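Q: Counted the way UniProt numbering counts, the sequence shown spans residues 1 to 110. The structure follows.
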Amino acid sequence: MRLEPPRSHHISYVPFVYLLRCSDGSFYVGSTRDLEQRLTEHALGVVKGYTSKRRPVELLWSLETDRVDDAAELERQIKGWRRAKRLALVEGRLGDLRALARAGPHSEGR
Numbered sequence: 001m002r003l004e005p006p007r008s009h010h011i012s013y014v015p016f017v018y019l020l021r022c023s024d025g026s027f028y029v030g031s032t033r034d035l036e037q038r039l040t041e042h043a044l045g046v047v048k049g050y051t052s053k054r055r056p057v058e059l060l061w062s063l064e065t066d067r068v069d070d071a072a073e074l075e076r077q078i079k080g081w082r083r084a085k086r087l088a089l090v091e092g093r094l095g096d097l098r099a100l101a102r103a104g105p106h107s108e109g110r
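Shown next, in the form of structure tokens:
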């Protein structure tokens, strides 16, 4: 699996992992087989739960994967990351990801 900055989005029925910024500044990580449809659902509030109460949302990053299992696993991993590591991913600072994984929980924001 490669972690790359956002690429142009096209209608596709392949697995994607995506990261949204919500109106309150928080992040939401998800996966889907139809990115455009899922983004529309988030925008309209059709997806009940976290994002429906924090609209509008903005797509910050997405990655197409080869398999649904890969997308689900990467989604799970990113959900476990601290905000600083997610920001590094969004900003394309891929070289920082390893260091941020090693940083202790109190190093963020200091």
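From the three backbone atoms N, C-alpha and C, an ideal C-beta is built for every residue, glycine too. This one's a predicted model, so the numbers in the text were calculated from it and none came from an experiment.
Tell me which residue opens and which closes the alpha helix (DSSP H) that Thr40 is part of.
A: Thr40 -> alpha helix (DSSP H) spans 35-44.
Q: Find the nearest neighbour of Leu63 within the set Val57, Arg54, Leu74, Pro56, judged by alpha-carbon distance.
A: Leu74
Q: In chain order, what residues of the same chain have a beta carbon less than 7 angstroms from the beta carbon of Ala71, not counting five sequence neighbours either side?
A: Sequence-distant partners of Ala71 (beyond 5 residues in either direction) whose C-beta falls short of 7 angstroms from its own C-beta, in its chain, are Pro15, Phe16, Val17, Ser31, Thr65.
Q: Which runs of the alpha helix (DSSP H) at least 4 residues long sit entirely within the UniProt domain "GIY-YIG" (13-88)? Give them in chain order.
A: 35-44, 68-79
Q: In its own chain, which residues sit with a C-beta less than 8 angstroms from the C-beta of Tyr13, not counting the 5 before and 5 after it?
A: Arg33, Asp34
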